[in-house]
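Here the protein sequences line up with chains A and B, keeping their order.
Per my numbering, residue 1 is the first one in the first sequence, and the count goes up by one each step.
Per my numbering, residue 1 is the first one in the second sequence, and the count goes up by one each step.
Cβ coordinates follow ideal geometry from the N, Cα and C atoms, glycine included.
Below you'll find the structure, written out as structure tokens, and then a few comments.
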Amino acid sequence: MTDVTDTTETTVEDDSGDLPPFGPTETARLTEEVIESVEAVIVGHRDAIEDVIVTVLARGHLLIEDVPGVGKTTLAKAIARSFDASFKRVQFTPDLLPSDVTGVNVFNQRTEEFDFRPGPVFATFVLGDEINRAPPKTQSALLEAMEERQVTTDGVTRSLPDPFCVIATQNDVEPGQTYELPVAELDRFTKKIRLGYPGTDEEVHMLERLVDDHAGHPVESLEPVASVEDLLRARRTVAKVEAAEPVRAYVARLATYTRRNAALGVSPRGSLALLRTAQARAVLDGRDYVLPDDVQREAQSVLAHRIRTESGETTGRQIVAEALDRVDVE
Amino acid sequence: MRTRHTAGTDKGATRGDGGDDGAERRVFSRSTAASVRSLPPGLVHPATVGVAAIVGAYLHTVLSITDIVGGSSRIVAGVLLAVVLGLACSRLFGERIVAWATLVCLGLALVGYYFAVPESQRALFSFRGVFFDTLSFLTGLSVLRLARVDVWMVAVIPVLSFLITYLTGRGRHVLAAGIAGGILGIFVLSGDAGDAVTIVGVLGVALAAGATTLRVPGGLSGHGDTLALVLAVMLVASATITVIPAGATQSWGGSGGTPGLESTLIDDDELTIVGSAQLSPEVRFTIESDVEANWRTGAYDTYTGDGWVRSGDERPHTGALSGPPGETVAVSSTVVPETEMRALPAPWQAVQVDGRLGESMQVDERGTLRPGTELLEGESVPVESRVPDPDPEELRAADEASDEEVLDRYTQLPEDTPDRLGERTEEILAEADAENSYEAAVAIETYLIEEYDYSLSVERPDGDVADAFLFEMDAGYCTYFATTMVAMLRSQGVPAQFVTGYSSGEQVGDDEWVVRGQDAHAWVQVYFPEHGWVEFDPTPSAERDQVREIRLAEARADGVAGVDTAGSAPEGSPTLPEEIDADDETDVVEESADVDEETAADDVDNETVDDASAGSDIPEDALEGIGGGEATPDELGAEEAVDGADATSPTDRVPAPSRETLGYGLFVLVVAVAGAHHTGVTGRLRFALRVRLPARRRTPVADAERAFADLERLLAARHRGRRRGETPRSYLTALRVRGVDDRVHAVAAVYERAVYAGDVSREEVDEARRTVRRLAWESTPLVGRLFGRR
């Protein structure tokens, strides 16, 4: 374990404690390389790419909600490849079982023992596609893995790899045929973003690239620009980013505001996530201290999906926008 | 589709019916609500309190006036009726109808008033007269001067009260307050409303206007404190400053020095009885006359309980008045003022003035001739008088006065005059066996002379002066004696008036008298049919003369200027008080006895009001404006100052700011300081200096914070302030499009590192502070040019 000097620093099990952290500028350069690498595959989604990297650096999980076909899967795959990390994909369907996610014990005829066959969750990057189409029991298997970073099968607990990051997608086109994620489970996603459609020019650019390339989808040929070790070191850099008292107080004020103005406000887990992502955001900007600007930048994607309003008139996003507008920064 | 359509039509039809039902129900419920909640909606509002305050204020004034002239009960009944009617009408009639109805009523009321005024006085109505009357009311003359002011009030006040109540009921509080404030304003300007009443009225107006303005939901609670502050400031301010021309309570005798006796009598149309008085030995005029008499300057008809008011109009007059109706003696006299005078002293009744002044004479309703312009110093003014000369037997045999108009006007007493005044008078008359008006007058005169001492040092009694003098005091001066005698006579239904002027003064030749300020005097005239006004003097003249002699001797001994004319100066050394020997005193007594006899029996004037209105007779001057004073309080104060100077050392009168001036100055100072503080001027000034000058160093972080705070204030002044929820960085980025200097970003970066990283060097902070100072100087007008901008 590294020396923990600041209370805001998070203590997370860190198997690679001997790896020294990067300096802030180094980290910024690293992340910039990754972003450029991914951008070569996903056109016109710089913000979304940054969001994914922030989530990864903040040791969190990401929920992408959007219509099908905007590149959610490609994004996740490109990130994984850029870090040279393992990647698994689970397509959630109504008949998917929990064991299909976590893995099963299979009787080995030869050894006459039960062998554990790991599920897709045993990977650094796990893409849970259309998570809201699986029944709650299966969803919760994944969500439990996200939170605990371990999987228990038939009484045996197995740790998941570190780093471990779940990128789940949610389809909001067919609400009638989905199982809506409960708030308690949504809360486990650090950020929830939308990709949105690319701009017309960007789409033209994308089409041109895909049609010309006869070697298949470009993501398949993406070369890694960093290693998993780099990712771990960058994470440690993020954890050491200074979050001064004014910033912590600001985060707390924002959370308080949402609690006062919505039926269900942001949980403490939410404000912790906000501070962590702000730290990651600061690193992306090459700083080793958090500014209120970082907090504001992250607030929507970190807080909005954790808020439940009483009526349909206001949404979580509106509440967060109000909070940013009305809560004193300093 | 078809079915749905049909259903829709049916539903629509049903809805229409339901709507009609609803409308009927609504009408019904509204009328029900009206009968249940009988108060008009406008009444249930804070502004009503304000309107009520103003109405209360002017009603208080009205009642204090009707207390003097009578008719309080009629006013109260009228106003109550008006209030009930107004509230009722506010529910029933529209504003246009009511406005017209009020106008018509007001017109009818004024017409009624016109016919209520005696025919004789009606002849005096003219546009010019009404205009000047209005002007004089608005500059401090009491409405008591208005003829039949009681009728005027009964006619006007209820009508206007009705309108005010109606408007209040309609929720038109500001308009109602405006009208009520207008009524009160007239009383304030005429001096009938006292300071306290005025303040209540003004606060009422402010409250009504304020509360109405804040009628928007939550407005009153939101800005109620501001309204309260404004009201408080008004209260304090009006308590500190008095700019009302003639507040009724502003009796200049009430505080400060002792007023001169003359100044208390040489009031204009209103006379307030004061406490102690002083004597001025300065010569006012010399007069050559065939007979020795009291030189009359004016008379008063309305007794207010603490003073006298002269009611009615004046009109220009040339030629001769007809004089008193009975036997008269023609007397020629010549007045030579030794100082400017506004009144013309002459034996009763002056009928003609020759020379320069003759062209501009005015005559009032009591037949007093009054000069239209000032009498100049040294000017010789010839006056013809017709002095009544009735036989006491004739007066005894004279009929009781029966003229309604005379009785009504000259037997007036305030409504709150205690009954014991009349009872005591009856006892006195019974004891003296007085059987007619003449004997009654003689009995009262004798009683007062014998039972009371003469003294200029008296304490002004509270309440009714005549009653207090009769029962509680044992000494007073002429004003008290004459007031009491008039009140006693009036309590018995004998018409009498209060007369002011000068006593005969120092005789310096066979037919020449020197008259000084200290000779100012007040006495009584009693009305007898066929004879007119007959003079009585209830003041113990021996004692009075003695006091005056001593005062004159003192003044001569002190060498006071203006005490003597060429003819009056004593031949030897100044006479000291000790040198007055017994013989002198005896002479004085005898002389005064002569005067008394003369006053009682010979010195009879005749004047009837009818005659006066016919325009044919009676010159008579109020003792007015001698020494130049039109009787505004200020000038009376000046008069007082002159008298004060006589008694005290002149150096005591070095001009010093009055207490009011000091209070006003202090108030302005406090308000200015508080205002400056409130508006943040002081804070801005301090900031403007601090931001431009190098300041003491503190910790780097604190300095960085201050540098950025200063920068923010600079930018806020030039562009806009930082909003809540705006980070320093986003604030500066937003301002960049407005052309903010790029150096600000360096300052912000230092600040960010100081606050959020806790890692900033001394040098960086100092650089940031220098940058802010430089920006501040560059933004300074003119000076900024010296710095030049890259």
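Residue range of the unbroken beta strand (DSSP E) whose run includes residue i
| i | result |
| --- | --- |
| R116 of chain A | The sequence given here has Phe at residue 116 of chain A, not Arg. Per DSSP, F116 of chain A belongs to the beta strand (DSSP E) from E113 to P118. |
| A47 of chain B | Not the beta strand (DSSP E): A47 of chain B falls in the alpha helix (DSSP H), residues P46 to V69. |
| K191 of chain A | K191 to I193 |
| F125 of chain A | F125 to D129 |
| H521 of chain B | A520 to F528 |
| D328 of chain A | D328 of chain A -> no beta strand (DSSP E), and no H or E assigned at all. |
| T272 of chain B | E270 to T272 |
| D301 of chain B | Run containing D301 of chain B: none; DSSP gives neither H nor E here. |
| R148 of chain B | Counting along the chain, R148 of chain B falls outside any beta strand (DSSP E), and DSSP gives it neither H nor E. |
| I79 of chain A | From DSSP, I79 of chain A is part of no beta strand (DSSP E) but of the alpha helix (DSSP H) over K72 to S82. |
| A330 of chain B | T328 to P337 |
| R284 of chain B | V283 to S289 |
Within chain B, the residues that residue i reaches when beta carbons sit closer than 7 Å
| i | result |
| --- | --- |
| Q296 of chain A | T727 |
Contact list for residue i against chain B, beta-carbon separation under 8 Å
| i | result |
| --- | --- |
| P24 of chain A | Within chain B, no residue comes near P24 of chain A; the closest Cβ sits about 11 Å away, beyond 8 Å. |
Chain B within 8 Å of residue i, Cβ atoms only
| i | result |
| --- | --- |
| E242 of chain A | yes |
| P292 of chain A | yes |
| V251 of chain A | no |
| R326 of chain A | yes |
| V302 of chain A | no |
| Y289 of chain A | yes |
| V329 of chain A | yes |
Limits of the alpha helix (DSSP H) - the one that residue i falls within
| i | result |
| --- | --- |
| R74 of chain B | S72 to L92 |
| Q352 of chain B | Run containing Q352 of chain B: none in the alpha helix (DSSP H); it sits in the beta strand (DSSP E), A350 to V353. |
| F107 of chain A | Per DSSP, F107 of chain A belongs to no alpha helix (DSSP H); it is in the beta strand (DSSP E), G103 to N108. |
| F708 of chain B | P700 to R718 |
Any non-hydrogen atom of the ligand ADP closer than 7 Å to residue i Cβ
| i | result |
| --- | --- |
| R297 of chain A | Judged by which ligands are present, the structure shown has none, so any question about the ligand ADP falls away. |
9 Å Cβ cut-off: residues of chain B touching residue i
| i | result |
| --- | --- |
| P246 of chain A | V755 and Y756 |
Cutoff 8 Å: residue i Cβ touching any chain A Cβ
| i | result |
| --- | --- |
| P655 of chain B | Caution is warranted here: a pLDDT of 49 is assigned to P655 of chain B, below 50, making its placement in the model unreliable, and the coordinate value is therefore given only provisionally. For P655 of chain B, the answer is no, since every Cβ of chain A falls outside 8 Å of its Cβ. |
Could you run through the segment 746-777 of chain B and flag, in chain order, every residue whose CB is less than 8 Å away from some CB of chain A?
Correct list: E752, R753, V755, Y756, A757, G758 and D759.
Between the segment 712-725 of chain B and chain A, which residues of the former have a C-beta closer than 7 Å to a C-beta of the latter?
Correct list: R724 and G725.
Residues in the segment 728-744 of chain B having any Cβ partner in chain A nearer than 7 Å
Cβ contacts with chain A come from R729 and S730.
What are the uninterrupted segments assigned as beta strand (DSSP E) that are 3 or more residues long and contained completely in the segment 357-404 of chain B, given in chain order?
Positions of the beta strand (DSSP E) runs, each at least 3 residues long and wholly inside the segment 357-404 of chain B, are given as 361-364, 369-371 and 381-388 in order along the chain.
Entirely within the segment 131-198 of chain A and at least 3 residues each: give me those beta strand (DSSP E) ranges in chain order.
You should have 150-153, 156-159, 165-171 and 191-193.
Continuous alpha helix (DSSP H) assignments of at least 4 residues falling wholly in the segment 463-549 of chain B:
Listed in chain order, the complete alpha helix (DSSP H) runs (minimum 4 residues) inside the segment 463-549 of chain B are 465-471 and 478-491.
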